[in-house]
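Taking the working numbering as reference, the numbering of the sequence shown is continuous, increasing by one, and the terminal residue is 228.
Ideal Cβ placement from N, Cα and C applies to all residues, glycine included.
Shown next, in structure tokens, is the structure this report addresses.
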Amino acid sequence: MRVFESPEARRSALFHLGVVAVAVIALGVALVEYAPFVTDPEWVRTTVDGMGPYAPLAFIALQATQVVLAPIPGQTLAVVGGYLFGPIGAVYSVVGVAIGSSVVLVLSRRYGRPFVERVVAGDVLDRFDTFVDEYGLLGLVVVFSLPTFPDDAICAIAGLTSIRLRTILVVLVVARTPTFVLATLVGDGLAAAQYRLVVGILIGVGVSVVAVYVFRERLLAALPAKA
């Protein structure tokens with residue numbers, strides 16, 4: 002089974018991966034050169050603690066916003082949360098995602114398909130338009146718990162179904178919590194200089210991402226349809 006659908010898709014993925022890598026390296030060099038204190042976990046966490054309850058609230062609001070606007074992956078923010086707050090950052094991430102997902106579900110249910118068509122990419126909507134109707138809650142558990150699936154977009158699509166919103170939200174929170182915990186542990190491990198732990202988690206996640214990406218069509222095909 003091919004990982005990429007075409008040579009163009011492979012080149013595009015490699016290009017975007019290269020851009021991200023260059024951006025990360027440039028940011029790291031800039032921080033070390035011009036703001037080395039930012040890379041000091043003790044200074045960062047002391048500064049965050051000095052903000053009192055506003056820091057967690059701001060982080061939760063940012064995590065909620067990314068679900069609605071989807072400019073950055075929530076797991077990336079979870080790593081930042083682990084670096085800033087330690088293990089409790091996982092709770093902040095999950096709360097933020099729950100709030101953001103609630104907003105998306107309510108908007109989807111209130112404004113219907115026109116809203117979903119504005120916020121979900123056309124190819125994703127075409128691929129998963131009837132997914133929830135066909136596979137129900139089990140399908141949601143799979144796409145919310147495994148990497149590579151457009152979970153925020155599927156959340157909006159799920160709002161169009163007859164499933165109760167609170168049920169969708171509970172499934173989403175339970176299914177997505179493990180990935181946010183792992184991402185938080187990466188951030189906390191970086192702050193504590195536990196690099197073996199960080200590398201181990203990243204390798205495990207990387208292998209899982211590749212495996213799910215390669216076999217996700219077979220995985221979806223194996224799901225039992227609703228009776």
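Our two residues, arginine 114 and leucine 161, have alpha carbons roughly 7 Å apart in a direct line. Here DSSP, grouped into helix, strand and coil, assigns leucine 147 to coil.
A straight-line Cα-Cα distance of about 7 Å links isoleucine 89 and glycine 83. Considering only Ala56, Phe129, Cys156, the residue with the shortest C-alpha distance to arginine 177 is Cys156. Nearest Cα to threonine 77 within the set Val121, Arg111, Ala184, Leu170: Ala184. Ranked by Cα distance from valine 210, the options Leu191, Leu186, Asp50, Val144 are led by Val144. Following the DSSP letters along the chain, one finds alanine 184 inside the alpha helix (DSSP H) bounded by residues 166-192. Measuring C-alpha to C-alpha distances from valine 68 to each of Ile100, Pro54, Ala192, Val215 identifies Ile100 as the nearest.
Contact check for phenylalanine 86 and proline 57: beta-carbon distance about 7 Å, within the 8 Å limit, so the pair qualifies. Taken through DSSP and simplified to helix, strand or coil, leucine 78 comes out as helix.
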